[in-house]
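> To start, I am sharing the structure in question, which I have written as structure tokens.
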Amino acid sequence: MGDHCEQTMRKLSGYIDRELSDAEVRSVKAHLDDCPPCDKVFDFQAEMKRLVRRECCTDDAPARLRDWVRQLATEKAPARDQEA
Amino acid sequence: MDSDFSLFERHVDALYRSALRLTRKPEDAEDLVQETYLRAYRYRNRFKPGTNEKAWLFTIMTNVFRNRLRQRPAPTEPLDQPGTDFSIYDQLRREGMPVHLMSPEEIIVERGFGDEVKHALEELPLPMRMVVVLVDVEDFSYKEVASILGIKIGTVMSRLHRGRQALQKKLWEYSGRPKARPVAVGAH
Ligand SMILES: [Zn+2]
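From first to last, the protein sequence lines stand for chains A and B.
The first sequence finishes on residue 227 if you use the working numbering, and the numbering steps up by one all the way, no holes.
The second sequence finishes on residue 232 if you use the working numbering, and the numbering steps up by one all the way, no holes.
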């Protein structure tokens with residue numbers, strides 16, 4: 144694994160999370176375009192991130208919670224039924 | 045002022061799904077979100093208009109959650125586990141699978157790694173779980189997560205790194221494969 148590969152792998156999370164500076168983005172992108180093995184790792188890790196998001200976004204708030212929050216905004220919120 | 049509260053309403057799904065990952069139980073998640081909104085409502089004058097209201101709500105929720113953990117004795121979870129580098133991709137490659145010829149979807153779906161993501165996430169130690177949820181599910185920046193949790197950006201990054209590896213390790217084990225052996229960092 145060359146120096147460029149190592150540098151790129153170190154910055155991969157930042158790249159996937161869009162946390163790098165423009166200059167860093169350019170250098171990572173240039174390496175990925177050039178280096179299929181690193182590009183495959185990138186593809187995989189980016190898909191893992193999407194997978195986590197996709198799987199976890201399926202749980203919507205129950206309707207009664209949504210209604211409760213809406214009522215709160217109108218200051219007619221019922222007292223919470225029990226204290227935890 | 046009160047009409048502004050509708051700004052907060054729209055985040056109920058995001059708060060609930062994250063609460064569910066933190067508490068693991070629907071009734072506890074619902075209760076946590078209620079408490080979060082009660083506080084947000086009580087302290088709504090402290091919110092600075094024009095700042096990120098979603099981050100503000102998540103700050104309240106993680107504080108409420110951490111206070112509850114302190115009150116209720118819960119099984120202690122290690123705060124920071126030493127991490128051994130692990131990725132499903134590298135592990136399969138080491139085992140001789142032609143991962144470079146496969147799409148990520150082929151690897152994840154066809155090899156059965158995608159089925160228990162929620163379960164795997166909920167098994168992570170809380171400090172890592174919080175960071176992974178906030179970054180990967182809720183799409184907060186590292187800086188926002190640092191502010192929400194009151195930790196340094198470097199800590200966000202290291203917990204995220206170790207959390208993602210630990211998540212892949214769990215998915216590896218849930219797919220019925222033997223426990224992965226730790227591998228020297230940088231082996232390629
Ligand atoms: Zn490379």
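Even for Gly, the Cβ is constructed at its ideal location relative to N, Cα and C.
Give the secondary structure of S62/B by DSSP, where H, G and I count as helix, E and B as strand, and everything else as coil.
Position 18 of the second sequence, counted from the start, is the residue given in the question as residue 62/B. Three-state DSSP puts S62/B in a helix.
> How long is the line joining the alpha carbons of V143/B and Y133/B, rounded to whole angstroms?
As a first step, residue 143/B is located in the second sequence; it is residue number 99 there, counting from the start. As a first step, residue 133/B is located in the second sequence; it is residue number 89 there, counting from the start. Their backbone Cα atoms lie some 7 Å apart in a straight line.
> Under 5 Å, CB to any heavy atom of ligand 1. Which residues pass, going along the chain?
Checking every Cβ against the heavy atoms of ligand 1 under 5 Å gives C148/A, C178/A, C181/A.
> Please confirm whether C178/A has its beta-carbon closer than 9 Å to some beta-carbon of chain B.
Numbered from its first residue, the first sequence carries residue 178/A at position 35. By this cut-off, C178/A is not an interface position.
> Any C-beta of chain B sitting closer than 9 Å to the C-beta of L175/A?
Against the first sequence, residue 175/A aligns to sequence position 32. Chain B contact via Cβ: absent.
> Assuming contact is defined by CB atoms lying nearer than 9 Å, are R88/B and F49/B in contact in what I supplied?
For the purposes of this step, residue 88/B is taken as residue 44 along the second sequence, with counting starting at 1. For the purposes of this step, residue 49/B is taken as residue 5 along the second sequence, with counting starting at 1. Yes.
> For chain A, is any of its Cβ atoms less than 9 Å away from the one on E53/B?
What you label residue 53/B is simply residue 9 of the second sequence in a count that begins at 1. Yes - at least one Cβ of chain A is within 9 Å of the one on E53/B.
> Would L168/B pass as a contact of V176/B if the rule is Cβ separation under 9 Å?
Mapped onto the second sequence, residue 168/B falls at position 124. Mapped onto the second sequence, residue 176/B falls at position 132. Yes, the pair counts as a contact, with Cβ atoms nearer than the cut-off.
> Decide yes or no for the touch test of the region 59 to 66 of chain B against the region 198 to 213 of chain A: beta carbon pairs closer than 8 Å, at least 3 of them.
At 8 Å Cβ cutoff, the stretches touch.
> Return the first residue and the last residue of the alpha helix (DSSP H) that I159/A is part of.
Here the question's residue 159/A lines up with position 16 in the first sequence. It spans 146 to 159 - the alpha helix (DSSP H) in which I159/A sits, taken as one unbroken run.
> Reducing DSSP to helix, strand and coil, say where A204/A ends up.
Locating residue 204/A in the first sequence gives position 61, where the first residue counts as 1. Coil.
> Looking only at its own chain, which residues have a Cβ that is under 6 Å from the Cβ of T151/A, when we skip the five neighbours before and after it?
For this step, residue 151/A is matched to residue 8 along the first sequence. So the qualifying residues of the chain are V171, H174, C181.
> Looking at the unbroken alpha helix (DSSP H) that takes in T217/A, where does it start and where does it end?
Against the first sequence, residue 217/A aligns to sequence position 74. Element bounds for T217/A: n/a, residue is neither H nor E.
> Please confirm whether any heavy atom of ligand 3 lies closer than 8 Å to the CB of E167/A.
Summarising the ligand content, the structure contains ligand 1 and does not contain ligand 3.
> Taking just the CA atoms, how far does V77/B sit from L178/B?
Counting from 1 along the second sequence, the entry for residue 178/B is found at position 134. Counting from 1 along the second sequence, the entry for residue 77/B is found at position 33. Their Cα atoms are separated by approximately 16 Å.
> Looking only at C-alpha atoms, which of L51/B, D72/B, Q212/B, D129/B sits nearest to G156/B?
The residue given as residue 156/B occupies position 112 in the second sequence. Cα-wise, what sits closest to G156/B is Q212/B.
> Could you check the C-alpha separation between F130/B and R193/A for me, to the nearest Å?
The residue given as residue 130/B occupies position 86 in the second sequence. The residue given as residue 193/A occupies position 50 in the first sequence. When rounded, the distance between both Cα atoms is 19 Å.
> Less than 9 Å between the beta carbons of S212/A and E71/B, yes or no?
In the first sequence, counting from the first residue as 1, residue 212/A sits at position 69. In the second sequence, counting from the first residue as 1, residue 71/B sits at position 27. A small correction: the amino acid at residue 212/A is Val; Ser does not occupy that position in the sequence shown. Not a contact, by the Cβ cut-off of 9 Å.
> Would you tell me roughly how many angstroms separate the C-alpha atoms of R197/A and E190/A, rounded to the nearest one?
In the first sequence, counting from the first residue as 1, residue 197/A sits at position 54. In the first sequence, counting from the first residue as 1, residue 190/A sits at position 47. Those two C-alpha atoms are separated by around 10 Å.
> What's the call for A227/A, buried or exposed, on a 16-neighbour Cβ count within 10 Å?
Residue 227/A sits at position 84 when you count from the first residue of the first sequence. The predicted model places A227/A with a pLDDT of 39, which falls under 50 and marks its position as unreliable; any figure quoted below should be read in that light. With fewer than 16 other Cβ atoms within 10 Å, it is exposed.
> Return the CA-CA distance between S47/B and A99/B, expressed in angstroms with no decimal places.
Counting from 1 along the second sequence, the entry for residue 47/B is found at position 3. Counting from 1 along the second sequence, the entry for residue 99/B is found at position 55. Note that S47/B scores a pLDDT of 46, beneath 50, so its modelled location is shaky; the value from the coordinates is reported in the next line. The straight-line gap from Cα to Cα measures roughly 19 Å.
> Quick check on the DSSP output: the alpha helix (DSSP H) that includes S202/B runs from which residue to which?
Indexing the second sequence from 1 puts residue 202/B at position 158. Start and end: 197 to 218.
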